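Inspection log for the structure reproduced underneath, given as structure tokens.
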Amino acid sequence: METVDNTNTFSKETEKKLIDFFNRSVEPKVMAKSIRQLNYIIALGLMREHETLQNNIVNLENSFYWLNELAEVLNPYLDVE
Numbered sequence: 001m002e003t004v005d006n007t008n009t010f011s012k013e014t015e016k017k018l019i020d021f022f023n024r025s026v027e028p029k030v031m032a033k034s035i036r037q038l039n040y041i042i043a044l045g046l047m048r049e050h051e052t053l054q055n056n057i058v059n060l061e062n063s064f065y066w067l068n069e070l071a072e073v074l075n076p077y078l079d080v081e
């Protein structure tokens with residue numbers, strides 16, 4: 001996995017929009033469940049369509065990882081002890 005710079009690069013306007021979206025649009029638990037389901041469906045579809053998907057495997061792995069990380073931020077499911 002690549003090292004990621006964790007510095008905050010969002011503008012104040014973007015931060016406000018994200019906060020407003022998550023506060024008004026959907027419950028974090030519901031959003032996390034939707035992200036996990038979508039991640040599963042996309043991965044399953046790609047695996048069925050391209051048994052040996054090598055061209056964008058790193059990009060796909062990173063996307064899958066970061067969507068799961070977002071789901072964990074919204075609703076910690078994998079961190080349950």
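So the sequence shown is numbered by our numbering: it starts at 1 and just counts up by one.
Ideal Cβ positions, reconstructed from N, Cα and C, are used throughout, including at glycine.
Note that the coordinates shown come from a computational prediction; the quantities given were computed from them, not determined experimentally.
- Taking the Cα positions, E15 is about 11 Å away from F22.
- If you draw a straight line from the Cα of L60 to the Cα of V26, it comes to about 26 Å.
- Restricting attention to K29, Y65 and D20, the CA atom closest to the CA of I42 is found in Y65.
- With 16 or more other Cβ atoms inside 10 Å of its own Cβ, L74 counts as buried.
- Annotation: A32 to L44 spans about 18 Å, alpha carbon to alpha carbon.
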